Amino acid sequence: MIRKPRYKVARRVGEAIYEKTQNPKFAAKQFPGKGRVQKHRSKTTEYGTQLTEKQKIRLSYGVTEKAMQNIMKTIRGQKGSPPELLMQGLERRMDNVVYRAGLGKTRIEARQLVAHGHFTVNGRVCRIPSRRMKIGDVVSLKKSSAEKDVMKALPAFGKHTPQKWIVRDGVNATVRTLPQMADADTTLLFAAVTEFYSRN
């Protein structure tokens with residue numbers, strides 16, 4: 001996945017989608033087109049709004065377009081609210097669970113730690129950031145990894161309160177239940193994204 005400057009990407013979509021942009025400086029920054037007198041003001045279409053929301057969610061979770069499409073294929077035909085199913089599909093990714101549990105400072109860092117084999121799922125090493133976690137799954141930091149200086153330096157360890165759908169005990173995190181819509185970022189409009197994919 002090609003990495004672009006995160007500050008510029010966040011400005012383009014108009015939201016502090018990355019941890020490094022969640023600061024007063026970014027909040028006070030004037031986004032392109034805002035606060036200016038425009039002679040020819042173009043009206044944002046419904047499709048344009050949905051496309052923007054899709055990009056915000058995709059970039060927030062750090063997933064590719066293919067990954068988004070795969071989640072949408074998985075939830076088609078399932079019982080429940082499509083927006084909530086999409087949210088759960090993203091929240092239950094292994095890299096996100098590591099991040100939500102406070103075992104990684106950011107989703108990007110959590111993804112790297114998983115890919116490098118620092119975590120196990122139910123006692124077995126897993127290097128697949130996109131793995132879908134189930135209720136009862138236990139994600140643990142390997143003992144050998146916990147002893148490394150780079151892991152000891154993570155300020156998130158012991159200072160982060162996991163969301164209520166995750167129970168953390170030291171360097172172990174258990175998926176207690178399914179995440180609810182209130183557990184996700186309230187600025188992300190999952191309904192707009194499911195509508196976008198339903199029309200394509």
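Going by UniProt numbering, the first residue of the sequence shown is number 1, and it counts up by one from there. Glycine residues also receive a C-beta, built at the ideal position from the N, C-alpha and C atoms. A quick note: this is a predicted structure, and the numbers were derived from the prediction, not measured.
Check	Outcome
Exposure of R36, with buried meaning 16 or more beta-carbon neighbours within 10 Å	The predicted position of R36 is uncertain, since its pLDDT is 49 and thus under 50; a value taken from the coordinates is nonetheless stated next. With fewer than 16 Cβ atoms within 10 Å of its Cβ, R36 is classed as exposed.
Length-filtered (3 minimum) beta strand (DSSP E) runs lying within the UniProt domain "RNA-binding S4" (92 to 159)	119 to 121, 138 to 141
Cβ neighbours of N122 in the same chain (closer than 8 Å, five flanking residues each side left out)	D137, V138
Coarse secondary structure for residue 211, derived from DSSP in three states	Because residue 211 is not part of the residues shown, which for the chain are 1 to 200, the question remains open.
DSSP-derived helix/strand/coil call for A173	strand
Helix, strand or coil at R199 according to DSSP, with G and I counted as helix	coil
R92 versus P82: straight-line alpha-carbon distance, rounded	15 Å
Residues of its chain near T194, where Cβ-Cβ distance is below 7 Å and the 5 sequence neighbours each way are ignored	P82, P83, L86
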